[in-house]
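Sequence order for the protein chains is C and L.
The first sequence begins at 0 in numbering that gives the first Met the number 0 and counts up by one.
The second sequence begins at 0 in numbering that gives the first Met the number 0 and counts up by one.
Notes follow once the structure below has been shown.
Protein chains: 2
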Amino acid sequence: MKRKASEIIAFQGERGAFSEEATRKLLGQEVAVLPCQRFEDIFRAVKNGAASGAIVPIENTLAGSVHENYDHLLQFELPIVAETSVRIVHNLIAPKGVRFSKIKRIFSHPVALNQCLDFFAANPQTERISFYDTAGSVKMVIEEGLTDAAAIASSVAAEIYGAHILRRSIESDRQNFTRFFLVRTPEFARRRPTTAGAATQWKTSLVFSTHNTPGALFRALSAFALRDLNLMKIESRPLRGKPWEYLFYLDFLGRADSPVALNALNHLREVADFLRVLGCYPKGA
Amino acid sequence: MKRKASEIIAFQGERGAFSEEATRKLLGQEVAVLPCQRFEDIFRAVKNGAASGAIVPIENTLAGSVHENYDHLLQFELPIVAETSVRIVHNLIAPKGVRFSKIKRIFSHPVALNQCLDFFAANPQTERISFYDTAGSVKMVIEEGLTDAAAIASSVAAEIYGAHILRRSIESDRQNFTRFFLVRTPEFARRRPTTAGAATQWKTSLVFSTHNTPGALFRALSAFALRDLNLMKIESRPLRGKPWEYLFYLDFLGRADSPVALNALNHLREVADFLRVLGCYPKGA
């Protein structure tokens, strides 16, 4: 799925973030990237044409869903055209020439620090210090030329900032994956429909709300269950302006334009107050 | 539902946090409180006997669920014995004697600042500054004796720190409520069962996981739908150690010990890999 070099993909975080790893995995090494500060910024960059796509982390197998991004998928209406997942490998990274025995302070995002508790238990001589970003902590340690400090981040971050990996894969739990979506403009998705590809398995993502009546969610899910369409994920978010009512985000296995999915979507429309398909894309590895 | 004065209730945040308002609403003005830094600490305080209960924010109608607390409910096994909800009213609070026209800097938690965007648009002379806590920002402004600064927090915080409310209810969206659980030790819940009370409506909260097979969630929900038990909320969280599988947290309207609920729970047990009832409690207003 290589694109030409004129592509610019927006992602949240500094160069070398796990989102950049996901970008390379989906679109190859040659693609240009646009690092942004906030998640909202990456959607806005696509909307206003500064980027041709954005890489959106949507869930992590330890931390759960990135709920804010579900809200942005609804608000910005940028279709999902691909998914991938990246194993989160945390590395201890220091300026070249700094030896492990010299490390007294270790900087990283608090979530990353918390995912390396076994390493910290085994190395009580080191102090954990929270930083705003994993890759950003590598950048800082290198730019400041610290000789008693290291950062925890991806191997890509070490490469980008010319740093040295002191210890590889120091995360406590190897079952640590983040799933990412690639979103595009509706025009791009129309011009190059994902369903023109030759994938063997597809996923469809959608969002709906139900009438606030007993059994409403059950009836909504029956649209899929009665047709043997397999749900992969369901997530709820509050419905703004209607306290204690919810939007449901759902992924099912199947092509949105297959006869059985079209029937399921029609059935869901009958029982839902609101329904929007967010995208149909080849199932990631 | 007043308790005697020897009660100590743990909550997260500084004195005057919205959690304290929820505590007073459920247990009256005389109850002693134990402010804690992190959510985990309030569960631990009950577990180790430092507190006789904890007030747990579980969802907000704008921001969504407090997912971390779902994880703690599972891990600490403290039963839910009551719920309440508090309308989040943000007030502009300054030291006594400081006039509105003097305010240049406004401190609060970033979520609170973001919920007052209309106020900031109407008052461009003020600068927003992120702080770790709403009530904590009042405490700081008072302790430092700042004369050009204010904080955004609850009216209870203004009272506790002897501060002055310059503007009331500056939140942009009035549909801003947070729902709280009161959790106790299992011993306390056994000694004083909630179901001994005379409430007319009850809720039951539970958590389950399903086999990873097509239609599993649908079959699980059928245990409730086929018995006309009304689901109020469903929330998913990642299942640790099983990437891309989920735990489901569910609230239904009904007493856990009613015949129909017992049948539903038995039915759910047949189709679930794991099931635990987290509590049964009178439905909040």
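Even glycine gets a Cβ: it sits at the ideal position worked out from N, Cα and C.
Strictly under 9 Å for the Cβ-Cβ distance: is K1 of chain C near chain L by that measure? Only weak support exists for where K1 of chain C lies, its pLDDT of 48 falling under 50; the coordinates are left without a value.
Consider the Cβ of Q11 of chain C: report whether some Cβ of chain L lies at a distance smaller than 9 Å. no
Quick one: list the residues of chain L neighbouring I169 of chain C, beta-carbon separation under 8 Å, in chain order. Going along chain L, no residue has its Cβ under 8 Å from I169 of chain C, so there is no contact; the nearest lies around 19 Å.
Give me the Cα-Cα distance between F217 of chain L and A224 of chain C, rounded to the nearest whole angstrom. 7 Å
With a cut-off of 9 Å, does the C-beta of T83 of chain C fall near any C-beta of chain L? no
Whole-angstrom distance between V55 of chain C and N262 of chain C, CA atom to CA atom: 29 Å
What does the Cβ neighbour count give for M0 of chain L, buried or exposed, with the cut at 16 atoms within 10 Å? A caution first: M0 of chain L carries a pLDDT of 49, below 50, which makes its placement in the model unreliable, though a value can still be read off. So M0 of chain L ends up on the exposed side.
Taking the alpha helix (DSSP H) that A149 of chain C belongs to, which residues open and close that run? Note, A149 of chain C: premise wrong, no alpha helix (DSSP H); beta strand (DSSP E) at 148-152.
I need the straight-line Cα distance from T125 of chain L to S168 of chain L, nearest angstrom please. 17 Å
Within the chosen definition, does the stretch 37-49 of chain L reach the stretch 110-119 of chain L through at least 3 CB pairs nearer than 8 Å? no
For E13 of chain L and R86 of chain C, what's the separation of their Cα atoms in angstroms? 38 Å
Rounded to whole angstroms, what's the CA-CA distance from Y248 of chain C to S204 of chain C? Just pull it up for me. 7 Å
Contact criterion: CB-CB distance below 9 Å. Does R218 of chain C meet it with respect to chain L? yes
Going by CA-CA distance only, name the one from C:A150, C:I79, C:R104 that's closest to H89 of chain C. C:A150
According to DSSP, is R127 of chain L part of a helix, a strand, or is it coil? strand
I'd like to know if the stretch 191-203 of chain L and the stretch 190-202 of chain C are in contact, where contact means that at least 3 CB-CB pairs between them fall below 8 Å. no
For V155 of chain C, collect the residues of the same chain with a Cβ closer than 7 Å to its Cβ; drop the 5 residues on either side in sequence, then sort them by chain order. G15, E19, E20
May I ask you to verify whether the stretch 269-278 of chain C touches the stretch 137-145 of chain L, counting CB pairs closer than 8 Å and requiring at least 3? no
Can you check whether the C-beta of N229 of chain C is within less than 9 Å of a C-beta belonging to chain L? yes
Taking the alpha carbon of E39 of chain L as the point to measure from, which residue in L:A31, L:L33, L:T22, L:Q11 has its own alpha carbon closest? L:Q11
With distances taken between CB atoms, is the gap from N59 of chain C to F176 of chain C smaller than 9 Å? yes
At a CB distance below 7 Å, what residues from the stretch 148-178 of chain L approach chain C? Give them in sequence order. Q174, F176
Counting only beta-carbon separations shorter than 9 Å, does N262 of chain C have a partner in chain L? no
DSSP-derived helix/strand/coil call for S107 of chain L: strand
Reference R98 of chain L, options L:G283, L:P213, L:I164, L:K24, closest by Cα: L:I164
Does the beta-carbon of R178 of chain L have 16 or more other beta-carbons within 10 angstroms, so that it is buried, or is it exposed? buried
Kindly indicate the opening and closing residues of the beta strand (DSSP E) around T83 of chain C. 79-86
Looking at V182 of chain L: is its Cβ nearer than 9 Å to the Cβ of F42 of chain L? yes
Looking at chain C, is there any beta carbon in it that lies within less than 9 Å of the beta carbon of I54 of chain L? no
Ends of the alpha helix (DSSP H) at L25 of chain C? 17-26
Which one or two residues does DSSP pair with W243 of chain C in a beta bridge? DSSP, once it has assigned bridges, lists no residue as partnering W243 of chain C.
Look at L252 of chain C and M231 of chain C and say whether their C-beta atoms are less than 9 Å apart. yes
Check each residue of the stretch 263-282 of chain C: if its Cβ is closer than 9 Å to any Cβ of chain L, include it; give the result in chain order. none
Of all Cβ atoms in chain C, is any one closer than 9 Å to the Cβ of G63 of chain L? yes
Select from C:W243, C:G240, C:G278 the residue whose C-alpha is nearest the C-alpha of A255 of chain C. C:G278
Using a Cβ-Cβ cut-off of 9 Å, state whether A224 of chain L counts as contacting chain C. yes
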